[in-house]
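Right, one structure below, let's go through it.
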Amino acid sequence: SNCQHFQADLHHFLQNQLDGVDVMLHTTDPSQVLEAVRTDARALTLAAKELQQNRAFILAAVQQNWRALSYAPEEFQRDQRMALECVHQEGIALMNVPQKLREDLEVVLTAVRNNGDALQFAAEPLKANFQVVMTAVQQRASAFQYAAPHLRGSRDLAMRCVSADGMVLQYVPDHLKYDRHIVLTAVGQNGAALQHAPPELKRDLEVVLQATSSDLTSIVHVF
């Protein structure tokens with residue numbers, strides 16, 4: 050059957066890509082391609098040219114597998130709707146979208162809602178956007194490290210992040226690492242954060258007790 054032939058060609062195509070073999074079936078059956086794309090995004094390249102130039106079809110392929118966008122024509126890779134679908138599925142996909150879309154507030158917010166660490170791939174102005182950064186750190190406190198310097202210098206933001214993940218203390222600016230309350234909060238959440246405290250606070254009895262009550266092994270960071 051046509052379906053069996055398609056699957057055989059697809060298997061041959063995928064198996065031989067590393068050897069430079071480029072088998073193109075040019076199938077016009079969108080359902081066959083979409084089913085294959087679900088398993089391997091490279092199958093999009095087997096679609097007939099008219100399908101590859103059809104925006105609705107490409108969007109359907111991306112909805113099946115966000116990685117498919119990398120194999121779509123360039124005009125679709127610049128399409129905001131396509132990018133939104135990708136980052137909705139996998140926030141880190143923001144790294145693969147064009148720079149102009151990394152400057153798009155809606156695209157970036159969608160990405161960091163899915164995975165806060167996607168903030169690292171946002172355009173610099175959006176790393177300085179309070180709404181974007183707050184959305185990112187609410188999803189994953191470690192995203193704090195990718196925020197613009199003036200936001201990382203915010204005591205309130207630092208406190209919020211170390212209370213969720215004590216190890217964020219390592220990304221806190223030096224002047225805030227000397228804030229005893231921030232350090233107490235961090236080591237209370239994760240005793241291992243003591244390793245990122247300044248020497249003076251590593252010798253602070255209350256800090257050490259807070260850290261060891263959270264994680265007894267953190268005592269090794271005192272010496």
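The numbering of the sequence shown is our numbering, which starts it at 50 and goes up by one. We put the beta carbon where it would ideally sit given N, CA and C, even for glycine.
Please work out which residues of its chain come closer than 6 angstroms, Cβ to Cβ, to residue i, disregarding the five sequence neighbours upstream and downstream, and give them in chain order.
i: Glu152; result: Ala172
i: Met73; result: Residue confidence is low: Met73 scores 40 on pLDDT, short of 50, so the model does not pin down where it sits. Its coordinate-derived value is still stated next. Cβ within range, chain order: n/a, list empty.
i: Val70; result: In this prediction, Val70 scores a pLDDT of 30, lower than 50, which makes its location untrustworthy; the coordinate-derived value is nonetheless stated afterwards. There are no such residues.
i: Leu218; result: Val211, Ala235, Ala242 and His245
i: Leu107; result: In the sequence as presented, Leu is not what sits at residue 107; that position holds Ile. For Ile107, where only same-chain residues beyond five positions count, the Cβ hits under 6 angstroms are Ala121 and Phe125.
Considering only C-alpha positions, which residue in the set the options is nearest to residue i?
i: Ile141; options: Ala177, Leu100 and Gln188; result: Gln188
i: Asn239; options: Leu254, Gln138, Cys210 and Gln112; result: Cys210
i: Met208; options: Val236, His137, Lys176 and Gln126; result: Val236
i: Thr88; options: Phe106, Asp78 and Ala110; result: Ala110
i: Leu150; options: Val221, Arg127 and Thr76; result: Arg127
i: Asn164; options: Gln148, Phe193, Phe179 and Asn178; result: Phe193
i: Ile231; options: Arg204, Asp78, Ser263 and Asp253; result: Arg204
i: Gln112; options: Glu124, Arg130 and Glu99; result: Arg130
i: Leu250; options: Asp228, Asp264, Val269 and Gln138; result: Asp228
i: Gln138; options: Val146, Ser119, Asn114 and Val271; result: Asn114
i: Glu99; options: Leu254, Thr77 and Val271; result: Thr77
Evaluate residue i with the Cβ neighbour count: other Cβ atoms within 10 Å of its Cβ, from every protein chain shown; 16 or more gives buried, anything less gives exposed.
i: Leu95; result: buried
i: Lys176; result: buried
i: Arg201; result: buried
i: Lys226; result: buried
i: Glu134; result: buried
i: Val136; result: buried
i: Met144; result: exposed
i: Ser191; result: buried
i: Ala105; result: exposed
i: Phe9; result: Summary: the structure shown does not reach residue 9, with the chain confined to residues 50 through 272, and so no result is reported for it.
i: Gln148; result: exposed
i: Leu265; result: exposed
i: Val256; result: buried
Got a sec? Which residues, its chain only, sit under 8 angstroms from residue i by beta carbon, not counting five neighbours each side?
i: Arg162; result: Gly140, Thr184 and Gln188
i: Val181; result: Leu154, Val157, Leu158, Val161, Leu168, Ala171 and Leu175
i: Thr234; result: Met208, Val211, Ser212 and Gly215
i: Thr261; result: Gly240, Ser267 and Ile268
Go through its chain and collect everything with a Cβ distance to residue i's Cβ below 7 angstroms, but skip five positions before and after it.
i: Arg116; result: Ala90
i: Ala92; result: Leu59, Val82, Ala85 and Val86
i: Pro222; result: Arg201 and Gly202
i: Gln259; result: Leu233, Val236 and Gly237
Inside the segment 147-171 only - alpha helix (DSSP H) runs reaching at least 4 residues: 148-151 and 154-163
Please list the segments of the alpha helix (DSSP H) lying wholly inside the segment 178-237, counting only runs of 4 or more residues, in order along the chain. 179-188, 198-201, 204-213 and 223-226
Kindly provide the ranges of any alpha helix (DSSP H) runs that are 4 or more residues long and lie completely inside the segment 69-116, ordered along the chain. 79-88, 98-101 and 104-113
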